[in-house]
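Encoded structure:
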């Protein structure tokens, strides 16, 4: 079952296509450790000054740092501003 | 904050609940824009949203079990409430906006560009005679007709265009170029001496030289003739060309009174103001008819409008009155006078000053500064035959 779920991403890798075209795959762009643009999210799981957890469906992104705040958000994009120290995909 | 944001209205909120991120997700799914979200503690968030989306956010918060408290509002309905309480201010703003809109249909400033020989005043007078002046209604302007009339009034104008932006008209003028004479059309001429001198070098390109190096010539004397002997038909007339380098002696004299009336500032200067609407002036002070003896008046004009975009007929005029005391004294500056005299001494490209002397004398209440210069220069000047 897991293999079937991984199939689209696997295909993208093999065909050297951008990963963003696979549904449910998000992307993060971090600029200078102060701003992170998160695209394709499925919702915020947790939000505090030190941690922002974002859902991507089957995956979860955790940003840890200090003074974090949501500069802007809509249904698919999030802009997190603050001192970003770690990023974790799980 | 941008004007568009201010018009729309922004609300700063505090959300308290068991799971504030759930409300953020619901709001994002519901198309409610949120920004500047900060976490106060585990159960409290502060964020901003549009005033118009506040009710929808409250409804979502109720469903998510959160409490919404408005911390501050800026713009939007707040602006309207502010203006509702100040109806005269609103009326004044509307009137001012209408006045600016109406005044932008008239020309309040005319700028002339591109003229070299014709003065700005001449062009403005001609424009005024053609019916285009400060206060003209520019949407009714017929540029083609104006150009034709201007060319009739000022034959020196080759082409003209009027560009109006806001209340500012830019008149672009291209002056007519004089056609240079063709070699065959040029009148026959001779070269004569422009000033007295001792000839040092003669170089005639066309015509017959009448002087030799070492010869002394006086002003107006023929240096090269334009009439040549021809074997076929007697005399042939040409336009003499060339250069005759000669040593010349120039003398410049400047005379000024040794003592004259000078000014020194006295007391405190003050300013007074006036408003000018179109051509009508309204003084914002009393006693405008009084003569200002013993005072300098420095005038500055400020046009109401945005520079380069539009201007209004309203001008603020500031007059700075500076009282002064006059006394008889001398601020003689012979070196400065000599420098100014030297600036009059202009020679052609190949000419040079060999020596120069400055002398200064004072007699009968007059100060005289004399500049004498020994130069070598081209003294040839073309004189056409009648």
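Residue numbers (the numbering used here), protein chains in the order written: chain A, 1 to 90; chain B, 1 to 386. Each residue gets a CB set at the ideal place from its N, CA and C atoms; glycine is no exception. Computed from a predicted model, the values in this text were never measured in an experiment.
Inset, instruction - Pair every Cβ in the stretch 237-245 of chain B with every Cβ in the stretch 189-197 of chain B, then say whether three or more of these pairs are closer than 8 angstroms. - result: Cβ pair count under 8 angstroms is three or more, so yes.
Legend entry - Neighbourhood of residue 71 of chain A by C-beta, 6 angstroms cutoff - its chain only, sequence neighbours within 5 removed: Sequence-distant Cβ neighbours of residue 71 of chain A in its own chain, meaning closer than 6 angstroms and more than five residues away, are 79, 81.
Inset, instruction - Kindly say whether residue 87 of chain A, judged by its beta-carbon, lies nearer than 7 angstroms to any beta-carbon of chain B. - result: For residue 87 of chain A, no Cβ of chain B is located within less than 7 angstroms of the residue's own Cβ.
Inset, instruction - Name, in chain order, the residues that DSSP records as bridge partners for residue 374 of chain B. - result: Paired residue(s): B:249, B:355.
Legend entry - Buried or exposed (CB count within 10 angstroms, at least 16 for buried), residue 168 of chain B: Burial call: buried.
Legend entry - Beta carbon of residue 360 of chain B nearer than 7 angstroms to that of residue 369 of chain B: Going by C-beta atoms, residue 360 of chain B is nearer than 7 angstroms to residue 369 of chain B.
Inset, instruction - Taking only runs that begin and end inside the stretch 158-197 of chain B, name each unbroken beta strand (DSSP E) of 3 or more residues, in chain order. - result: You should have 168-175, 189-193.
Inset, instruction - Go ahead and label residue 226 of chain B buried or exposed: buried means 16 or more other beta carbons lie within 10 angstroms of its beta carbon, across all protein chains shown. - result: It is buried - the Cβ of residue 226 of chain B has at least 16 other Cβ atoms within 10 Å.
Legend entry - residue 53 of chain B classed as buried or exposed, judged by whether at least 16 other C-beta atoms fall within 10 angstroms: By the Cβ-count criterion, residue 53 of chain B is buried, with 16 or more other Cβ atoms from all chains shown falling within 10 Å of its own Cβ.
Inset, instruction - Answer yes or no: do residue 44 of chain A and residue 25 of chain B have a C-beta to C-beta separation smaller than 7 angstroms? - result: By the CB criterion at 7 angstroms, residue 44 of chain A and residue 25 of chain B fall inside the cutoff.
Legend entry - Whether residue 384 of chain B touches residue 179 of chain B by CB criterion (7 angstroms): No.
Inset, instruction - Count the other CB atoms, across all protein chains shown, that sit within 10 Å of the CB of residue 66 of chain A; report buried if there are 16 or more and exposed otherwise. - result: Residue environment: residue 66 of chain A is assigned as exposed (fewer than 16 neighbouring CB atoms within 10 Å of its CB, all protein chains considered).
Legend entry - Contact residues within the stretch 12-25 of chain B, judged by C-beta distance below 9 angstroms to chain A: Within the stretch 12-25 of chain B, the residues whose Cβ lies closer than 9 angstroms to some Cβ of chain A are 20, 21, 22, 24, 25, listed in chain order.
Inset, instruction - Taking the CB atoms as reference points, tell me whether residue 51 of chain A and residue 64 of chain A lie closer together than 7 angstroms. - result: Yes, Cβ-Cβ distance for residue 51 of chain A and residue 64 of chain A is below 7 angstroms.
Legend entry - Within-7 angstroms CB hit, residue 301 of chain B to chain A: For residue 301 of chain B, the answer is no, since every Cβ of chain A falls outside 7 angstroms of its Cβ.
Legend entry - Reduced DSSP category for residue 296 of chain B - H, G, I as helix; E, B as strand; rest coil: Looking at residue 296 of chain B - three-state DSSP - the assignment turns out to be strand.
Inset, instruction - Please check the pair residue 137 of chain B and residue 146 of chain B, which I expect to be a contact at CB under 8 angstroms, by giving their CB distance rounded to whole angstroms. - result: At roughly 13 angstroms, the Cβ-Cβ gap does not stay under 8 angstroms, so residue 137 of chain B and residue 146 of chain B are not in contact.
Inset, instruction - Please check if any C-beta of chain A sits within less than 7 angstroms of the C-beta of residue 39 of chain B. - result: Taking 7 angstroms as the CB threshold, residue 39 of chain B lines the interface with chain A.
Legend entry - Through-space distance from residue 271 of chain B to residue 341 of chain B, alpha-carbon basis: Each residue's Cα considered, the two are about 39 angstroms apart.
Legend entry - residue 89 of chain A - partner residues in DSSP beta bridges: Answer is A:61, bridged to residue 89 of chain A.
Inset, instruction - Indicate the three-state DSSP secondary structure (helix, strand or coil) for residue 313 of chain B in the structure shown. - result: If DSSP states are grouped into helix, strand and coil, residue 313 of chain B belongs with the strands.
Inset, instruction - Taking the CB atoms as reference points, tell me whether residue 55 of chain A and residue 69 of chain A lie closer together than 7 angstroms. - result: Not a contact, by the Cβ cut-off of 7 angstroms.
Legend entry - Other residues of its chain near residue 196 of chain B: CB distance less than 6 angstroms, five sequence neighbours each side excluded: Excluding sequence neighbours, residue 196 of chain B sits near 218, 219.
Inset, instruction - Find out if the Cβ-Cβ distance for the pair residue 356 of chain B, residue 373 of chain B is shorter than 7 angstroms. - result: Cβ distance < 7 angstroms, so residue 356 of chain B and residue 373 of chain B count as in contact.
Legend entry - Exposed unless 16 or more other CB atoms sit within 10 angstroms - verdict on residue 84 of chain A: So residue 84 of chain A counts as buried.
Legend entry - Beta-bridge pairing of residue 31 of chain A - partner residues as DSSP gives them: Partner(s): A:35.
Inset, instruction - Return the residue from the list B:279, B:268, B:161, B:95 that minimises the CA-CA distance to residue 322 of chain B. - result: The residue from B:279, B:268, B:161, B:95 with its alpha-carbon nearest to that of residue 322 of chain B is B:268.
Legend entry - alpha helix (DSSP H) runs contained entirely in the stretch 65-93 of chain B, provided each spans 4 or more residues: Segments of the alpha helix (DSSP H) lying fully in the stretch 65-93 of chain B: 77-84.
Legend entry - Members of the stretch 27-46 of chain A near chain B, C-beta cut-off 8 angstroms: For the stretch 27-46 of chain A, residues whose beta-carbon sits nearer than 8 angstroms to a beta-carbon of chain B comprise 43, 44, 45, 46.
Legend entry - Integer-rounded CB distance, given that residue 28 of chain B should sit under 8 angstroms from residue 75 of chain A: At roughly 5 angstroms, the Cβ-Cβ gap stays under 8 angstroms, so residue 75 of chain A and residue 28 of chain B are in contact.
Legend entry - DSSP three-state assignment for residue 48 of chain B, whether helix, strand or coil: Secondary structure at residue 48 of chain B: strand, using DSSP grouped into helix, strand and coil.
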